[in-house]
Structures are given as structure tokens and as C-alpha cells.
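Number of protein chains: 2
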Amino acid sequence: MAGRAAEPHVIWARPERSGRGPRPAYSRADIAAVAVRIADAEGLDAVSMRRVAAELGCGTMSLYNYVPRKEDLHELMADAVAGEHELWEPSGDWRADMLRVAHQTRDLMHRHPWLPRLMSAVYGFSPNALRYLEHCLACLDPLPDPQGVKMELIAMLNGIVTTYVSNELATAERTRSLPWSQEQENAVRIAYLQSRIATGEYPRMARAFMEDEGPIDLEAVFERALNRVLDGFDPEK
Amino acid sequence: MAGRAAEPHVIWARPERSGRGPRPAYSRADIAAVAVRIADAEGLDAVSMRRVAAELGCGTMSLYNYVPRKEDLHELMADAVAGEHELWEPSGDWRADMLRVAHQTRDLMHRHPWLPRLMSAVYGFSPNALRYLEHCLACLDPLPDPQGVKMELIAMLNGIVTTYVSNELATAERTRSLPWSQEQENAVRIAYLQSRIATGEYPRMARAFMEDEGPIDLEAVFERALNRVLDGFDPEK
DNA sequence: GCGCACTACGTACGGTGTACGTAACTACGA
DNA sequence: TCGTAGTTACGTACACCGTACGTAGTGCGC
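Residue numbers (the numbering used here), protein chains in the order written: chain A, 2 to 238; chain B, 2 to 238.
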């Protein structure tokens with residue numbers, strides 16, 4: 002029997018090693034590391050069961066002993082990179098702490114550009130994700146609100162980070178496996194957009210594109226967005 | 002020659018009908034409608050080039066005359082449902098208007114649960130998307146800020162809506178094609194989460210799950226989130 | 001009216017996730 | 001202690017997928 006895909010399950014509820022049978026040759030960490038390496042180097046679409054198995058050094062179907070479904074492989078990947086979060090002793094300044102968390106998450110996503118795409122596809126309560134959430138809650142201890150509101154704040158912040166980094170990466174991760182460069186694609190898209198705007202049908206958008214000159218400071222935009230959201234939760238504002 | 006996939010392009014820059022040759026048998030609207038119908042009924046993964054072509058009533062490869070890449074089919078779908086946005090004469094109260102926009106978008110995504118997944122994969126400047134953006138900017142005319150800030154507001158609001166609806170739909174859209182029900186899956190997941198929390202390793206999360214009793218009012222959570230974000234942009238706050 | 005760009009579509013290639021069958025192995029219950 | 005049940009390992013096979021390519025037939029622009 003190869004795995005138990007034909008019933009609902011959470012991979013983290015399955016013991017990694019279960020008494021009987023030969024010792025598993027690989028750990029979940031091994032598998033996750035291989036998958037993450039492939040995704041970092043060649044994009045998420047390059048991560049297939051066959052490919053991971055091959056790089057791991059085992060037959061394709063052997064991988065299904067460890068990872069019953071491809072989705073679980075993604076779960077492993079998300080958890081692995083969630084483990085890269087640095088968790089510190091809360092400073093007492095919840096705003097500063099949350100800003101630091103958000104910037105760390107942004108850096109994480111820039112390091113692993115496939116992560117935003119995965120965020121909405123994984124369970125979100127893997128071991129490292131739980132550690133991360135608990136840490137966020139700890140940072141929010143100074144806030145008087147009930148835990149529910151704090152969870153809303155964390156969710157909102159994660160949403161913002163994911164959204165903004167997705168925009169930042171936009172075509173970057175998309176054009177990875179394409180035979181033309183990101184610059185070529187962008188040029189075509191900008192040309193199209195300008196032709197649309199030139200029709201005069203969208204006067205306000207036209208003004209928006211007139212105004213901005215030079216490259217936008219994405220980090221500054223991100224920072225502004227964060228502060229606006231935090232303001233919404235700040236009892237002193 | 003079947004399409005011109007081997008170079009960067011934006012489908013909206015290609016004329017739908019170009020003088021020469023037999024009249025195309027289908028319009029982009031036809032194709033989009035078929036694809037949307039399939040996705041609504043059976044989920045986004047059921048939308049394949051073969052399937053759409055079959056339901057359209059033509060050979061698989063004929064579809065490539067209209068839609069050079071699958072990605073462009075997604076583009077068509079996103080544009081089609083973007084056309085469902087009702088655009089009204091701005092009221093002068095930008096906050097009320099933006100709330101209305103956000104709620105409309107949320108409804109749209111509940112009607113087409115595959116839309117959030119598509120949002121980060123499409124170009125975002127299709128004809129109907131441009132109309133939508135221009136309308137949002139018109140609603141924001143009363144705001145004194147430069148257009149750039151308004152664009153940031155729109156982006157942030159769209160991000161929030163997408164994030165929240167994604168969470169709301171969570172397992173719903175995911176379990177569509179699976180042989181078990183959403184309720185079964187949720188039960189398994191909750192059982193796992195409770196077992197983790199029972200370890201005592203996550204005291205703050207434990208408190209969060211103790212507190213909330215009864216089903217959460219998702220609409221209320223959404224409304225709170227929106228207002229917090231709007232506060233961040235309100236010059237009177 | 002010639003030619004070319006277009007439509008239509010069948011075939012085929014290389015990939016995907018994964019169900020299933022088989023063989024070897026090991027820890028546990030009797 | 002030994003049989004057996006549950007595990008690991010893995011090859012084969014199936015049903016899909018996106019799409020490159022070749023070959024017709026069609027009708028507008030020159």
C-alpha cells in the first residue's frame with residue numbers, strides 16, 4: 002500500500018516514522034530541502050514528484066510513502082521555509098515587533114519567490130507555522146484586545162505582505178520558464194498599456210501614469226502600507 | 002500557423018478579428034463564457050484547453066487560434082467576470098463608494114470561487130479591469146491625494162478582499178474534486194489542530210481558540226478589516 | 001485573380017499526478 | 001520464537017495535460 006491518499010488527512014498528524022518495516026531512507030526535512038532547492042533554482046513548476054524523487058535518489062513511487070499527495074509536498078516546503086523565521090524575545094513594543102515580523106516575511110518571500118503562490122494553497126498550521134503564530138501573539142501581548150482581534154491583525158498583516166510581494170515579483174516568477182526575458186515581457190505590456198491609455202478612455206489612469214516619474218520605491222510603498230494597517234489596530238491612534 | 006506563443010504578448014493587443022481568412026466561428030466572449038461556466042461548476046482545474054474546445058464544439062487545436070496560451074484563457078476568464086462589476090455614478094462619499102466596491106468584489110469572488118487563485122496569475126489590465134480601475138479612481142476624486150496614493154489604496158483594498166475571500170473559501174474550493182466532503186476534511190484538520198494545542202506548546206493560540214465560541218461572523222470580520230484599512234487613508238482621521 | 005494570411009483540426013511528444021501490483025524487510029503479538 | 005501484518009521500495013500503466021507541427025481549405029486585400 003502506497004500512502005493513504007484516498008481519505009482526508011493532515012500530513013503533520015502522520016508520524017514520520019512508524020515502528021514496523023525497514024527504516025525510511027529519508028526524512029521529511031531531506032525531502033523538503035530538495036523541493037525547496039529546486040523551486041528556488043527553477044521555479045515552483047519544476048517541482049514534480051518525479052523530479053524530487055530523482056534528486057533525492059529514489060524511485061518516483063517511493064516518494065509517495067513519505068508524501069501521500071503532491072499537496073503534502075507543498076505543505077512540507079511551506080513549513081521548511083517558515084522555519085527560517087527568526088523568533089526573538091518580544092521587545093514590549095508590539096508595533097516595532099510586528100514591523101520586524103512583516104519585513105522578515107517579505108525578505109523570506111523574496112528569497113523564495115514561489116512562496117506567495119503557495120500561501121493560499123497550504124493548510125497554514127504546520128509545526129513551524131504554529132511556532133511563528135505563537136511568536137506573533139507573544140509580540141502582541143502588550144495589546145489589550147482579545148486574542149481574536151490579534152489573530153485578525155496577524156492575518157491582515159500576512160495578507161498585506163503576500164499581496165505586496167506578489168505584486169513586486171509579478172512577472173519575475175511567472176517568466177522563469179519562458180523562452181523570453183522578463184524585460185521583454187514587461188516592455189510589451191507597458192507598450193500595450195500606453196496604447197490603451199492613449200485612447201483617452203481612462204483619463205484618471207492616464208494622470209496616474211503621468212505623475213509617477215522614475216522607478217517606484219517598492220520598499221517605501223510597502224512600509225507605508227504596513228503603517229497604515231497598524232494604525233488601524235493602534236489604540237493610541 | 003497556430004497562434005504565436007513563442008514570443009511575449011498581451012492577448013488584448015491582438016485584434017479579435019483580422020481581415021483575412023474565414024470568419025472566426027467564436028468570439029472571445031463565447032470562449033470566456035464556456036470557461037467560466039466550467040470553472041463555476043467544477044472548479045478551475047476542470048478548465049483545460051481540450052475541455053473548453055470540446056464544450057465550444059471545435060477541435061482542441063482550433064482553440065489555439067483564439068487563445069495562444071492557456072494563460073490567455075485565464076486572462077479571458079478574469080476579464081469576463083470583471084465585466085460583472087456594476088459601475089455607478091460616484092456618490093461623492095469616497096468611503097461609502099469604496100466599501101460598496103469592496104463588497105461587490107467579495108460577492109463576485111463568492112460567485113466565482115476560482116477568481117482569487119487567478120488574481121495573482123493574470124495581467125490585471127484587461128479592458129474590463131481598466132474600466133473597473135477607472136471607476137475606482139473616479140470614486141476617489143474627492144480625496145486630495147495624488148493618483149499614486151489612490152492606486153495604492155485600490156491595490157490594498159483588492160489585496161484585502163482577495164486575502165479574506167481566499168480564507169473564507171479555504172477548503173471549499175480545494176476539496177471540489179476530491180472524493181470526500183469539505184466537512185470531513187475540516188473535521189480532520191480541526192482534530193489535528195486541537196491535538197497540537199493540547200500539547201500546551203502554544204498557550205496563546207490555545208487561548209485564542211478557547212475564546213471564540215460559535216461560528217465566526219465572516220462578514221463582520223471582513224467589514225472591520227475594510228474600515229481599518231480605509232481609516233489609514235482617511236485624511237479626517 | 002493571384003497569393004497569402006487566416007481558420008480548422010488530427011497527430012504526436014513529452015510531461016504530469018498517482019493507482020496498483022509485487023517483492024523485500026522488520027517489529028510486534030501470540 | 002515465529003508467523004504475520006504493516007511498512008518500504010519501485011516498476012508499470014493510465015488518464016490526463018499543454019502545445020508544436022503539418023496539412024488542408026477559405027476568403028480578403030492587392
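The beta carbon of each residue, even a glycine, is placed where N, CA and C say it ideally should be.
The alpha carbon of B/Tyr165 has as its nearest neighbour, out of A/Ile12, A/Ser121, A/Tyr27, A/Ala171, the alpha carbon of A/Ser121. Chain A has a Cβ within less than 7 Å of the Cβ of B/Asp213.
In the DSSP assignment, A/Arg225 falls within the unbroken alpha helix (DSSP H) covering 219-234. Boundaries of the alpha helix (DSSP H) harbouring A/Ser196: 183-198, taken from the DSSP string.
For A/Trp115, there is no enclosing alpha helix (DSSP H), as DSSP marks it with neither H nor E. Under the three-state reduction of DSSP output, B/Gly84 falls in the coil class, being neither helix nor strand. A residue is called buried once 16 or more other Cβ atoms fall within 10 Å of its Cβ, and B/Gly125 is buried on that count. In the structure shown, B/His75 falls within a helical segment according to DSSP collapsed to helix, strand and coil.
Comparing alpha carbon positions, the residue from B/Leu64, B/Leu170, B/Pro117, B/Pro143 closest to B/Asn159 is B/Pro117. Ranked by Cα distance from B/Arg18, the first of B/Ala30, B/Cys59, B/Glu8, B/Pro9 is B/Ala30.
At a C-beta separation below 9 Å, B/Gln185 has these neighbours in chain A: Glu8, Pro9. Of the other Cβ atoms in all chains shown, 16 or more fall within 10 Å of the Cβ of B/Gln148; this residue is therefore buried. Taking 7 Å as the cut-off, the beta carbon of B/Asn129 is found no closer than this to the beta carbon of B/Gly58. Near chain A, meaning a CB-to-CB distance below 7 Å, the residues of the region 129-154 of chain B are Leu131, Leu134, Glu135, Leu138, Ala139, Pro147, Gln148, Gly149, Met152, Glu153.
Looking from the CA of B/Ala156, the closest CA among B/Ser63, B/Pro69, B/Leu227, B/Val37 belongs to B/Leu227. Apart from the 5 residues on each side of it in sequence, B/Arg177 sits with its Cβ closer than 6 Å to the Cβ of Gly44 in its chain, given in chain order. At a cut-off of 7 Å between beta carbons, B/Asp46 makes no contact with chain A. Between B/Leu194 and chain A, the shortest Cβ-Cβ separation is below 7 Å. At least one CB of chain B lies nearer than 7 Å to the CB of A/Thr164. Within chain B, no residue has its CB atom less than 9 Å from the CB of A/Pro216, the nearest being about 13 Å off.
CA-CA distance, B/Glu72 to A/Ala7, rounds to 31 Å. Of all alpha-carbon atoms in A/Gln195, A/Cys137, A/Val222, A/Arg24, the one lying nearest the alpha-carbon of A/Asp98 is that of A/Cys137.
Sequence-distant Cβ neighbours of B/Lys238 in its own chain, meaning closer than 7 Å and more than five residues away, are Asp232. Taking C-beta separations shorter than 7 Å and ignoring five residues to either side along the sequence, the partners of A/Leu100 in its chain run Leu227, following chain order. Here DSSP, grouped into helix, strand and coil, assigns A/Gly60 to coil. Residue contact check for B/Gly160 against chain A: a CB pair falls below 7 Å. Going by beta carbons, A/Pro114 and A/Leu170 fall inside the 7 Å limit.
Using a CB distance cut-off of 7 Å, B/Tyr65 does not count as an interface residue toward chain A. In this structure the region 189-198 of chain A does not touch the region 24-42 of chain B; the number of beta carbon pairs closer than 8 Å is below three.
Boundaries of the alpha helix (DSSP H) harbouring A/Lys151: 148-170, taken from the DSSP string. Chain order gives the chain A residues near B/Phe126 as Arg190, Tyr193, Leu194, Arg197, where near means a beta carbon separation below 8 Å.
The way I'd put it, the region 211-221 of chain B doesn't touch the region 77-93 of chain B; fewer than three beta-carbon pairs between them come closer than 8 Å.
The C-beta distance from A/Ile39 to A/Ala26 rounds to 19 Å, too long to meet the 8 Å contact threshold. Proximity to A/Tyr65 across A/Asp80, A/Val230, A/Ile12, A/Leu141 peaks at A/Ile12, based on C-alpha coordinates. Interface criterion met: the Cβ of A/Met206 is under 7 Å from a Cβ in chain B.
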